[in-house]
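> Chains A and B, in that order, are what the protein sequence lines are.
For the first sequence, the positions run 1 to 193 when my numbering is used.
For the second sequence, the positions run 1 to 606 when my numbering is used.
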Amino acid sequence: MPKDQSSKQQIIISGVGGQGVLFITGLLAQAAIDKNLPVFTSETHGMAQRGGAVVSHLKVGGFPSPLIRPGRADGLLALKTESIAPYRPYLKPGAWIVANATQEIRPDEAVTAFGVDAEQLAQKIDNPRSANIVLLGFALACMPELAAGQNKMFCTFDEIKAVLTKRLSSRTALRESSLGALAAGFNHRASNP
Amino acid sequence: MKRVNKKRLMLGNEAIARGLIENGCSMAASYPGTPASEILTALFEFQKETPVARHIQWAVNEKVAFEIAYTGSLAGLRSAVSMKQVGLNVASDPLMSAAYLGTAGGFIIISADDPGPHSSQTEQDSRLMAMMAKIPVLDPKSPEQAKQMIRTAFELSEKFKIPVMLRPTTRVCHARQDIKIGLIKETDLRVDFKKDPTRWAATPKFRFHLHRELEEKLTKLAAYSDTFPVHLNPGVQTRRALVVSGVAAAHTEEILKDLDLFQTFSLFQVVQPYPLHAEFVDFLIGRYEEILVIEETAAVIEMQLADRHRVKGKLTGTVPTVGELLPETIQKVISEFAGVPIEPIEPPGTGGRRPTLCAGCPHRASFFAIKKAAPKGIYTSDIGCYTLGLNLGAVDTVLCMGAAISQAAGFYHAYKGEKKPPDIVATIGDSTFFHAGTAALIDAVTHRARFVLVILDNQTTAMTGNQPTPATLQRIDNDLFLNVELESLVQGCGVGFCRVADPYRLDEFVGHIKAAVRYSRKEGVAVVIARHPCLIDKFRVEEARQAPVRVEISDNCDGCGYCISHFECPALVMNPDKVVTVDPVLCSGCGVCLSVCPKKSIVEIK
Numbered sequence: 001m002p003k004d005q006s007s008k009q010q011i012i013i014s015g016v017g018g019q020g021v022l023f024i025t026g027l028l029a030q031a032a033i034d035k036n037l038p039v040f041t042s043e044t045h046g047m048a049q050r051g052g053a054v055v056s057h058l059k060v061g062g063f064p065s066p067l068i069r070p071g072r073a074d075g076l077l078a079l080k081t082e083s084i085a086p087y088r089p090y091l092k093p094g095a096w097i098v099a100n101a102t103q104e105i106r107p108d109e110a111v112t113a114f115g116v117d118a119e120q121l122a123q124k125i126d127n128p129r130s131a132n133i134v135l136l137g138f139a140l141a142c143m144p145e146l147a148a149g150q151n152k153m154f155c156t157f158d159e160i161k162a163v164l165t166k167r168l169s170s171r172t173a174l175r176e177s178s179l180g181a182l183a184a185g186f187n188h189r190a191s192n193p
Numbered sequence: 001m002k003r004v005n006k007k008r009l010m011l012g013n014e015a016i017a018r019g020l021i022e023n024g025c026s027m028a029a030s031y032p033g034t035p036a037s038e039i040l041t042a043l044f045e046f047q048k049e050t051p052v053a054r055h056i057q058w059a060v061n062e063k064v065a066f067e068i069a070y071t072g073s074l075a076g077l078r079s080a081v082s083m084k085q086v087g088l089n090v091a092s093d094p095l096m097s098a099a100y101l102g103t104a105g106g107f108i109i110i111s112a113d114d115p116g117p118h119s120s121q122t123e124q125d126s127r128l129m130a131m132m133a134k135i136p137v138l139d140p141k142s143p144e145q146a147k148q149m150i151r152t153a154f155e156l157s158e159k160f161k162i163p164v165m166l167r168p169t170t171r172v173c174h175a176r177q178d179i180k181i182g183l184i185k186e187t188d189l190r191v192d193f194k195k196d197p198t199r200w201a202a203t204p205k206f207r208f209h210l211h212r213e214l215e216e217k218l219t220k221l222a223a224y225s226d227t228f229p230v231h232l233n234p235g236v237q238t239r240r241a242l243v244v245s246g247v248a249a250a251h252t253e254e255i256l257k258d259l260d261l262f263q264t265f266s267l268f269q270v271v272q273p274y275p276l277h278a279e280f281v282d283f284l285i286g287r288y289e290e291i292l293v294i295e296e297t298a299a300v301i302e303m304q305l306a307d308r309h310r311v312k313g314k315l316t317g318t319v320p321t322v323g324e325l326l327p328e329t330i331q332k333v334i335s336e337f338a339g340v341p342i343e344p345i346e347p348p349g350t351g352g353r354r355p356t357l358c359a360g361c362p363h364r365a366s367f368f369a370i371k372k373a374a375p376k377g378i379y380t381s382d383i384g385c386y387t388l389g390l391n392l393g394a395v396d397t398v399l400c401m402g403a404a405i406s407q408a409a410g411f412y413h414a415y416k417g418e419k420k421p422p423d424i425v426a427t428i429g430d431s432t433f434f435h436a437g438t439a440a441l442i443d444a445v446t447h448r449a450r451f452v453l454v455i456l457d458n459q460t461t462a463m464t465g466n467q468p469t470p471a472t473l474q475r476i477d478n479d480l481f482l483n484v485e486l487e488s489l490v491q492g493c494g495v496g497f498c499r500v501a502d503p504y505r506l507d508e509f510v511g512h513i514k515a516a517v518r519y520s521r522k523e524g525v526a527v528v529i530a531r532h533p534c535l536i537d538k539f540r541v542e543e544a545r546q547a548p549v550r551v552e553i554s555d556n557c558d559g560c561g562y563c564i565s566h567f568e569c570p571a572l573v574m575n576p577d578k579v580v581t582v583d584p585v586l587c588s589g590c591g592v593c594l595s596v597c598p599k600k601s602i603v604e605i606k
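1. Can you find the residues in the same chain that come closer than 6 Å, C-beta to C-beta, to glutamine 474 of chain B, ignoring five residues on each side of it along the sequence?
2. What is the DSSP secondary structure of serine 82 of chain B, reduced to helix, strand or coil?
3. The ligand GDP and tyrosine 504 of chain B: does the residue's C-beta get closer than 6 Å to at least one heavy atom of that ligand?
4. Using C-beta distances below 6 Å, list every residue in its chain close to alanine 374 of chain B, excluding the 5 sequence neighbours before and after it, in chain order.
5. Using 8 Å as the cut-off, can you tell me whether the region 48 to 68 of chain A makes contact with the region 113 to 123 of chain A, which would need three or more C-beta pairs spanning the two stretches below that distance?
6. Here's a check: name, in chain order, each residue in its chain whose Cβ is nearer than 7 Å to the Cβ of leucine 586 of chain B, leaving out the five neighbours to either side.
7. Of all the options A:Arg72, A:Ala113 and A:Ala99, which has the alpha carbon lying nearest to the alpha carbon of serine 83 of chain A?
8. For glutamate 38 of chain B, which residues does DSSP report across the bridge?
9. In angstroms with no decimal places, state the Cα-to-Cα distance between cysteine 385 of chain B and methionine 463 of chain B.
10. For methionine 1 of chain B, collect the residues of the same chain with a Cβ closer than 7 Å to its Cβ; drop the 5 residues on either side in sequence, then sort them by chain order.
11. Between leucine 40 of chain B and the rest of its own chain, which residues show a CB-CB distance below 7 Å, the 5 nearest in sequence each way excluded?
12. Tell me whether the beta-carbon of valine 270 of chain B lies closer than 7 Å to the beta-carbon of serine 245 of chain B.
13. Enumerate in chain order the residues of its own chain whose CB-to-CB distance from leucine 189 of chain B is below 8 Å, with the five nearest sequence positions on each side excluded.
14. I'd like to know if the region 328 to 347 of chain B and the region 11 to 24 of chain A are in contact, where contact means that at least 3 CB-CB pairs between them fall below 8 Å.
15. Would a check of beta-carbon distances place isoleucine 662 of chain B closer than 7 Å to chain A?
16. Using a Cβ-Cβ distance under 7 Å, would alanine 31 of chain A count as near chain B?
17. List, in order along the chain, the chain B residues whose C-beta lies closer than 7 Å to that of arginine 219 of chain A?
18. Using a C-beta cutoff of 7 Å, does arginine 53 of chain A count as contacting chain B?
19. Taking the alpha-carbon positions, what's the threonine 227 of chain B to tyrosine 274 of chain B distance?
20. So valine 395 of chain B packs on tyrosine 379 of chain B, CB below 8 Å; how close in whole Å?
21. Got a sec: which bits of the region 84 to 106 of chain A sit with their beta carbon under 7 Å from any beta carbon on chain B, in order along the chain?
22. Along chain A, in chain order, which residues have C-beta atoms closer than 8 Å to that of glutamate 254 of chain B?
23. Does the beta-carbon of histidine 435 of chain B have 16 or more other beta-carbons within 10 angstroms, so that it is buried, or is it exposed?
24. Candidates B:Val592, B:Leu276 and B:Asp558: which alpha carbon is nearest proline 576 of chain B's?
25. Please compile the residues from chain A whose C-beta is within a distance smaller than 7 Å of the C-beta of lysine 7 of chain B.
26. Along the region 336 to 347 of chain B, what residues have a CB closer than 8 Å to any CB found in chain A?
27. If you count every other CB in all the chains shown that lies within 10 Å of the CB of phenylalanine 193 of chain B, and 16 or more means buried, which is it?
28. Which stretch, first to last residue, makes up the beta strand (DSSP E) that contains phenylalanine 283 of chain B?
29. Given that glutamate 43 of chain A touches chain B, what residues does it touch there, using C-beta distances under 9 Å?
30. Helix, strand or coil for isoleucine 330 of chain B? Go by DSSP, reduced to three states.
31. Do you know how far the Cα of glycine 589 of chain B is from the Cα of proline 598 of chain B?
32. If you draw a straight line from the C-alpha of leucine 128 of chain B to the C-alpha of alanine 298 of chain B, how long is it?
33. Run through DSSP, which three-state label would lysine 3 of chain A get?
34. Please list the partners that glycine 360 of chain B has in chain D, where partner means a Cβ-to-Cβ separation under 8 Å.
35. Flag proline 38 of chain A as yes if its beta-carbon sits less than 7 Å from any beta-carbon of chain B, otherwise no.
36. Closer than 9 Å, Cβ to any Cβ of chain B: which residues of the region 7 to 28 of chain A, in chain order?
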């Protein structure tokens, strides 16, 4: 693990039901297991999944509790622009936000925010439902831009790619389109930092 | 040689299922309900890893599930029943009696609580049900511990011949953790029902003896060493103690470490909140000057600490009695107890967006039709996705499973003396109707109640993840199951008006509801079965998807907002410039909205 990444991390993933918050959380959690890191996630199920607000807590590196307390999270991955504000209190100073910015992101000095219109990118690659994976790819490309001392995400583009490849090993078409979406998000940032 | 990674990312419910299958559970039954549903789904999956046939089934309701699984225990097998906390209310009749009768093979009742509540009618604490039934209950703090407790629960059940409850909460059921996979062991238990009518068919005289026997079991359980509270920081010398259980134990441990208070208090996790170990109670009261109890959601441990002058918790107002004990709440309670400054926190929001029926959900069309046909009606409804008919103003009451029908009858009887009684339309899902609707329907017919009952038949149990219903089991394995047809069941209840129609054909469907309303004003109960498969049912996606009807908004949309407020489809979006647009990603192509716009401004793209 590089010096500027801590093996202990707390990440909030937010969005609305049907966007694939759970899927993204699962990919990140599996990446942690593949790196032999203890992992804990907490999910929204049931009625809220029907188009309501959905949030996952992801804790990597040996925490007893499945939930993140306000002011403790290292990062927020927001699958909707509107999903930033309600979960902003979870972030500690110096945390990162990566958001699907279909609207403008409100400036916030205490954290580092990155935005991309993931829905537009997803439509551009003819895969409108893959905005969640596009955003994850984009987030992974943003991490090297964080300053020293900020807790960068514990995993890399290649590690997520490996998880995705394995997860969808039996579904060729979906696997290829998902890997394409991951790369589209990543390259979008990597080529225009 | 390739190293095998023995750790798997598992949902708490999967960890529980894994515990059951690794410990030789031979029979399991359930009725789906959040947060417990995935336990049985996972059992079906793990079952594939072993050649030994087990009986695993979705039952028509929790009471039936309980009775089937419990009988497995009578026959000498390890067995389990799982449900959500309000499901245990339905199964409370066999629960109370089974506690007296006891068990032969190990029997576990898994009742998942939902503090919050996130997806339930109540925040009730199943541990109180265990107390009422007089059976032991185990309270896991994590998926990993829940899996370990399955083994303990079977051992307890077999040693003391008593049903044992495992009470996970949402944060255990729906947490994911890296879990160590163990081998699937087969037990050497053989099916062997030993007849003993004085026990299994006990009359009141024998029940008295069984009750005494039960009390003796509880006394021994309150002294059983394997489930004794765990001292989490044994080296610490202090006169103040924290007593915690369930996921609150996990939160507390993390908070104490973060606040540098781990050496300040003695920390005990109670793994068996009832019966609380007698020796532990004496030790606590004798040793500590101040004791803080943190548990969800009722004060079950706290009320068993009889000498109260040193105890703080829910009963002293120190710990909230309502709502989930979020870690930030616990941090505040502990900081106050420790006398350290309370960190100010800004509470996170809830995300703002309310849940809604999916774009293309057939229920939306049914609710729209009901409001057209009986605009001034009273609408009783029930438990399921369709509770969200609230958003459409088409749901006035939701009480519990099956109550839509009895409440419709109740309103009819209440209003029948009036000159112009209101039209009454009840809505209930197909799975909920099978679960608890038939008895209510028989009663309504018998007492000549008059109302319309719309059975929202999406041919699945949708809200909890598309489990089968008695009408759809056959599609899983044709050879094993016999389907029960909804319309014959309705007719069998004595209903004189029963039509089946597809709500997607909206204009026709409104006609059927209108006919039903007319019938209900003069004759009796009129039933319309609104049949269209759930769009997100992964088992029948192909069937559910008709060729999509592409729609757009024509230029004469004046932004009146009728479709937004009366149809509330997430794919119809009101723009800031007061014109409606169609979201092409969300739109399922159901085409129902073509009949919704009063100005015919929603048109098909040919």
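No residue lacks a Cβ here, since even glycine has one placed at the ideal position from N, Cα and C.
The model shown is predicted, which means the values in this text are computed figures rather than measured ones.
For this structure:
1. Phe481 and Asn483
2. Strand at serine 82 of chain B.
3. For the structure depicted, the ligand GDP is absent and the ligand set is empty, with no information on it obtainable.
4. Asp423, Val425 and Val517
5. Taking 8 Å as the limit for Cβ pairs, the verdict is that the region 113 to 123 of chain A does not touch the region 48 to 68 of chain A.
6. Ala359, Pro570 and Ala571
7. A:Ala99
8. None, per the DSSP bridge assignment.
9. 5 Å
10. Since pLDDT at methionine 1 of chain B reaches only 38, below the 50 mark, its modelled position is unreliable, and no value is offered.
11. Ala28, Ser30, Ile56, Trp58 and Ser82
12. yes
13. Gly24, Ser26, Gly76, Leu77, Arg78 and Gly105
14. no
15. Outside the shown range of chain B, which is 1 to 606, sits residue 662 of chain B, and nothing can be said about it.
16. no
17. There is simply no residue 219 of chain A to check, as chain A begins at 1 and stops at 193 in what is shown.
18. According to the sequence shown, residue 53 of chain A is alanine rather than arginine. For alanine 53 of chain A, the answer is yes, since a Cβ of chain B falls inside 7 Å of its Cβ.
19. 10 Å
20. 6 Å
21. Ala85, Pro86, Tyr87, Pro89 and Tyr90
22. Phe63, Pro64 and Ser65
23. buried
24. B:Asp558
25. Ile33
26. Residues Glu343, Ile345, Glu346 and Pro347.
27. exposed
28. Segment 278 to 287 is the alpha helix (DSSP H) holding phenylalanine 283 of chain B; no beta strand (DSSP E) there.
29. Leu11, His174, Ala175 and Arg176
30. Looking at isoleucine 330 of chain B - three-state DSSP - the assignment turns out to be helix.
31. 19 Å
32. 8 Å
33. For lysine 3 of chain A, the predicted model reports a pLDDT of 49, less than 50, meaning its position is unreliable and no value from the coordinates is stated.
34. The chain labelled as chain D is not found among the protein chains of the depicted structure, namely A and B.
35. yes
36. Of all residues in the region 7 to 28 of chain A, the ones placed with a Cβ closer than 9 Å to any Cβ belonging to chain B are Ile12, Ser14, Gly15, Val16, Gly17, Gly18, Thr25 and Gly26, in chain order.
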